[in-house]
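Structure first, then comments.
In the numbering used here, the protein residues as written are 8 to 119.
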């Protein structure tokens, strides 16, 4: 159960990370639809799990690897954006949110 503070920080991080990935990492994500679907933050606000949805699904592993490689840069940019709201910039760990792929697979099975 997340506290109200955790939920507010998670929404702030989700919005800022989405902007960073779309604008600052445009070379990495060119031609792909990359969306930050959720952020889960630890109670001490020191660790954040970032769930990213990538379309088309075939290239999701490669794009996620590139995002992970540039994680330190993303964290640095995030720190410059949220320096007035948080004392500590959380450690970021990125995961693929494959719920859209799962939904598409279910739709394909139902239509057959």
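Backbone N, C-alpha and C define an ideal beta-carbon position, used for all residues, glycine too.
Keeping to the same chain, check which residues put their C-beta closer than 7 Å to that of residue i; ignore five residues upstream and five downstream.
i           : result
residue 75  : 101
residue 67  : 61 and 103
residue 73  : 35
residue 105 : none
Return yes when the Cβ of residue j is within less than 8 Å of the Cβ of residue i, no when it is not.
i          : j          : result
residue 85 : residue 27 : yes
residue 13 : residue 50 : yes
residue 19 : residue 92 : yes
residue 52 : residue 16 : yes
residue 32 : residue 77 : yes
In the structure shown, what three-state DSSP assignment does residue i receive?
i           : result
residue 110 : helix
residue 10  : coil
residue 18  : helix
residue 118 : helix
residue 66  : helix
In whole angstroms, what is the alpha-carbon distance linking residue i and residue j?
i           : j           : result
residue 119 : residue 64  : 21 Å
residue 116 : residue 109 : 11 Å
residue 48  : residue 96  : 11 Å
residue 38  : residue 99  : 24 Å
residue 90  : residue 83  : 10 Å
residue 88  : residue 112 : 38 Å
Beta-carbon within less than 6 Å of residue i's beta-carbon, same chain only, minus the 5 sequence neighbours each way: which residues are those?
i           : result
residue 107 : 60
residue 45  : 58
residue 10  : none
Leaving out the 5 sequence neighbours to the left and right, which residues in its chain are closer than 8 Å to residue i when beta-carbon positions are compared?
i          : result
residue 79 : none
residue 55 : 17, 20, 46, 47, 48, 49, 97, 98, 99 and 100
**Message:** For a minimum of 3 consecutive residues, which ranges assigned as the beta strand (DSSP E) are wholly contained in the stretch 74-104?
**Reply:** 98-103
**Request:** Just list the beta strand (DSSP E) runs in the stretch 29-58, keeping only unbroken ones of 3 residues or longer that don't cross its boundaries, in chain order.
**Result:** 40-48
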